[in-house]
């Protein structure tokens with residue numbers, strides 16, 4: 274089964290458990306709205322690719338791990354869009370969850386997705402129970418404090434946040450969780466995969482900074498120009514457009530170099546290369562002019 278279909282099927286199964294006839298209808302609809310239709314599903318694709326490269330043995334656990342990673346990402350987007358943070362009305366080309374369902378339901382939907390992520394992981398571990406605890410730890414570190422998504426969001430409420438720590442927490446931490454958990458779910462040593470997650474996460478943050486700073490709203494599926502309005506750290510503000518583009522290219526090269534020798538190395542390199550093509554904004558120099 275192709276990775277995209279595999280991910281969507283697993284997400285459908287997970288979300289269905291929270292959206293049956295016993296659920297509050299608005300909450301059920303908001304949860305579904307937050308997950309579907311998805312974006313590129315880069316993080317779960319990365320988890321599947323690393324698991325395959327490490328000799329995937331327990332497909333159910335790998336699916337549950339990739340699903341947990343994506344559900345946490347979706348939860349972070351719901352919370353990030355709230356009026357108290359970015360106050361964004363558009364996400365993935367449609368109304369953000371709070372714009373469609375109101376702030377109280379959006380807050381609860383994000384919380385429910387976090388719980389669903391770990392519930393899904395636990396349910397998938399029946400054949401490999403010994404791997405559940407290290408997986409929970411690795412994924413929780415990417416989502417919570419002091420260095421996960423929650424910390425990244427919190428840095429935005431601090432004066433003069435340290436840009437390196439901010440970017441690592443806001444974006445890099447879940448990429449690290451995606452690569453390391455993919456290895457863990459296959460019974461492999463996760464430490465060799467940390468650097469790949471770090472480099473990819475940093476590359477995605479730089480690309481997002483470029484998109485926010487120089488892209489036209491029509492080219493994006495979310496509002497642009499928010500970093501400048503909200504006074505957030507932004508690579509373009511620090512390095513300029515050409516400097517940020519050069520830094521992005523270096524990070525992509527570093528990510529390719531960070532892939533350790535493995536049986537699925539070629540396929541993983543192809544995935545990283547394919548995703549790299551999606552990173553850079555279209556015609557940044559023209560749009561910045």
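In my numbering, the protein residues as written are 274 to 562. No residue lacks a Cβ here, since even glycine has one placed at the ideal position from N, Cα and C. These figures come from a predicted structure and were not determined experimentally.
Per DSSP, reduced to three states, the secondary structure at residue 365 is coil, with no helix or strand assignment. Shown here, residue 292 sits in coil according to DSSP, grouped into three states, outside any helix or strand. By the Cβ rule, the segment 457-472 counts as touching the segment 518-531, because three or more pairs are nearer than 8 Å. DSSP places residue 454 within a helical segment (H, G or I) once states are collapsed to three. Secondary structure within the segment 286-341: the alpha helix (DSSP H) runs of 4 or more consecutive residues, fully enclosed, are 298-308 and 315-326 (chain order). Residue 511 and residue 346 have their C-alpha atoms spaced approximately 27 Å apart.
Counting the other Cβ atoms within 10 Å of the Cβ of residue 507 gives 16 or more, which makes it buried.
Nearest to residue 549 by alpha-carbon distance, out of 504, 505 and 481, is 481. For residue 288, the closest alpha carbon among the candidates 459, 412, 389 and 425 is that of 389. The shortest CA-to-CA distance from residue 334 to any of 532, 409 and 441 is the one to 409. Contact between residue 319 and residue 460 does not hold, since the beta-carbon distance rounds to 18 Å and is not under 8 Å. Note that the C-beta distance between residue 422 and residue 341 is not below 8 Å. Residue 438: member of the alpha helix (DSSP H) spanning 436-440, first to last residue. Contact between residue 328 and residue 536 is confirmed by a C-beta separation of about 6 Å, below the 8 Å threshold. Sequence-distant partners of residue 315 (beyond 5 residues in either direction) whose C-beta falls short of 7 Å from its own C-beta, in its chain, are 548. Per DSSP, the unbroken alpha helix (DSSP H) holding residue 521 starts and ends at 508-530. Distance from the Cα of residue 442 is smallest, within the candidate group 415, 336 and 524, for 415.
If you draw a straight line from the Cα of residue 324 to the Cα of residue 452, it is about 8 Å long. The DSSP-derived three-state label of residue 535 is coil. Comparing alpha-carbon positions, the option among 462, 434 and 546 lying closest to residue 476 turns out to be 546. Secondary structure at residue 475: helix, using DSSP grouped into helix, strand and coil.
Per DSSP, the continuous alpha helix (DSSP H) segment holding residue 391 begins and ends at 376-396.
Per the coordinates, the alpha-carbon of residue 295 lies some 40 Å from the alpha-carbon of residue 544.
Straight across, the Cα-Cα distance linking residue 370 with residue 306 is about 7 Å. If you check the CB distance, residue 278 and residue 317 do not come in under 8 Å.
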